Each structure stands twice: as structure tokens, then as C-alpha cells.
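Numbering (the numbering used here), first residue to last: 1 to 127.
Glycine is no exception: its CB is placed at the ideal position from the N, C-alpha and C atoms.
Predicted model only: the values in this text are computed from it and were never measured.
Report on the following structure.
This is the structure:
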């Protein structure tokens with residue numbers, strides 16, 4: 001049985017712990033993610049449509065690294081699966097992975113206000 005915390009798109013506790021000494025950097029990363037995350041998924045989608053396996057792998061690897069930095073485990077795993085699958089599976093399979101990436105990206109974006117609120121609470125408590 002999975003805990004309710006594992007159902008969250010981001011591990012808030014791990015994220016806050018990772019950036020406990022530099023919450024400002026974490027907030028900047030989250031802002032960049034909100035601004036550019038959806039475009040990154042669309043870029044991957046266009047590369048899948050174009051059949052450019054190498055570009056798909058590079059873009060998926062970049063997204064995987066960002067997701068890892070933000071403790072977004074499911075997004076990281078999906079991006080990793082897409083990175084590893086390039087050249088090995090059909091375009092249809094890759095398109096399904098991109099659809100799952102889109103969905104998980106939306107979950108992450110919807111969760112960011114929760115993370116920001118937690119960071120502000122931690123920041124106030126540390127003053």
C-alpha cells in the first residue's frame with residue numbers, strides 16, 4: 001500500500017530539505033519550471049512527431065534532470081523511460097509516453113503553490 005505522500009507529484013519534504021539553505025534558488029527553479037515546463041513537453045512532442053530519436057533522447061534527459069532536481073519522481077521516471085525508449089519502440093508508444101508526461105507535468109504545476117506555501121512557512125520559521 002502506498003502512502004498518500006507518494007501520490008503527490010513532488011516530494012515536498014525532500015525538496016525543502018535539498019534547498020533548506022537556499023530557498024530562493026528553489027523558488028527560482030520552480031518559477032522557471034512553471035514558465036518553461038509545458039513548452040519543454042511540446043518540444044519533445046514535436047521531436048517525436050519528426051522522428052528525431054536523438055533529439056527526443058536529449059530533451060527527455062534534460063527534463064529528467066530538472067524533474068530530479070525538483071523531487072518530481074514520476075515525471076523523472078517518465079522522462080527517463082522516454083529517453084531510454086528512443087529508437088527501440090514505435091512512435092505510437094513514444095506518443096503515449098508524451099501524453100503521460102503532459103499529464104504529470106500538469107500535476108506538478110498544480111502542486112507548485114503547495115510547495116511555495118510550505119517554503120514560505122519554513123522560511124518564516126527559520127527567521
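Taking the straight line between their C-alpha atoms, what separation do you get for residue 120 and residue 68? 22 Å
With residue 20 as the anchor, note down where its alpha helix (DSSP H) starts and where it stops.
That residue, residue 20, is in no alpha helix (DSSP H); it is neither H nor E in DSSP.
Requested in this report: Determine, using beta carbons only, whether residue 57 and residue 83 come nearer to each other than 8 Å.
Outcome: yes
| field | Coarse secondary structure for residue 116, derived from DSSP in three states | value | helix
Note to self: One question on the structure: do residue 85 and residue 93 come within less than 8 Å of each other, judged by their Cβ atoms?
What the structure shows: yes
Proximity to residue 42 [Cα-Cα], best of 74, 32, 60:
60
Pick helix, strand or coil for residue 30, following the three-state DSSP scheme. helix
**Asked** Anyone know if the C-beta pair for residue 9 and residue 104 falls short of 8 Å?
**Response** yes
Fill in: Helix, strand or coil at residue 72 according to DSSP, with G and I counted as helix
coil
message = I'd like the list of long-range same chain contacts for residue 80, defined as Cβ closer than 6 Å, with 5 residues on each side in sequence excluded.
response = 64
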